[in-house]
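Have a look at the structure below, then the notes.
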């Protein structure tokens, strides 16, 4: 899908001149119904762009698939109510999926909202995550990557309401960026693209706070560093400390705060 799927044009009036109309751009948001092997699983609110990446990343970070090889086919179709995404996956992950009881409805990318019990939530805290790549990055590379991140947010520049997640290599070069009205969706899209292209990134930058679920989504990859424009939450930092993830927050204006595992950041 092209960039036009990110936003739509509207005529608006500003408070200081209500008689005058001007063109403004609003981010698009549609219900996206995801089915696996013909069985409906979830409806998410998402920006209708890079949906294949979104479904692959969502399936991976939710533990439905363990690799890109588990996905056989993805079919996307529009209807009067939104967008249907039919995903064909291997039998082993499909059987596992049928045992996962979830009840997500209409949330903007939040995979924790709507789960059926605190017991299920607690079990997610005990997951075994892959080992992290061990390397260090310079503070200067972080600030340079933040400049590239901002310049690459085409949808945000147009609308002011679209989140982004980007993957960088150890030298601070931008490898991929994905945008969505939901911060979780943008990260899932990025992780999906990482799987499809087998990208070897070193750190992820996101345009939001670093919440618990944002941290957990990064933890299922081997990426060792998550950089957020805003602050992390306490639960996110505790999870990162436990599982060897470096979390950086308030990354803006050539400054940042390291909340966990600062060994990976050097002057």
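In this note's numbering, the protein residues as written are 4 to 270.
Backbone N, C-alpha and C define an ideal beta-carbon position, used for all residues, glycine too.
Chain B contact for residue i (CB, 8 Å cutoff)
i	result
residue 37	Here there is only one protein chain, and chain B is not present.
8 Å contact criterion, which residue i and residue j should meet: CB distance rounded
i	j	result
residue 136	residue 168	18 Å between Cβ atoms; not a contact.
residue 165	residue 30	5 Å
residue 132	residue 246	5 Å
residue 141	residue 269	6 Å
residue 68	residue 37	The pair is not a contact, with the Cβ atoms about 12 Å apart (cut-off 8 Å).
Exposed unless 16 or more other CB atoms sit within 10 angstroms - verdict on residue i
i	result
residue 41	exposed
residue 73	buried
residue 75	exposed
residue 200	exposed
residue 65	buried
residue 20	exposed
residue 256	exposed
residue 240	buried
residue 220	buried
residue 138	exposed
Cβ-heavy atom distance, residue i to the ligand ADP, below 7 Å
i	result
residue 243	Looking for the ligand ADP in the displayed structure turns up nothing, as the structure carries no ligands at all.
For residue i: DSSP bridge partner residues
i	result
residue 90	39, 77
residue 11	29
residue 235	213
If you scan the region 147-189 from start to end, which runs of the alpha helix (DSSP H) of 4 or more residues do you find wholly inside it? 157-162
Assess contact between the region 176-190 and the region 200-216, defined as three or more Cβ pairs (one per stretch) separated by less than 8 Å. Is contact present? yes
Do the region 81-90 and the region 34-54 meet, that is, are 3 or more Cβ pairs less than 8 Å apart? yes
With a cut-off of 8 Å, do at least 3 Cβ pairs link the region 164-183 to the region 198-207? yes
Which runs of the beta strand (DSSP E), 3 residues or longer, sit entirely within the region 29-85? 33-39, 42-49, 74-81
For the pair the region 145-154 and the region 8-26, tell me if three or more CB-CB distances fall below 8 Å. no
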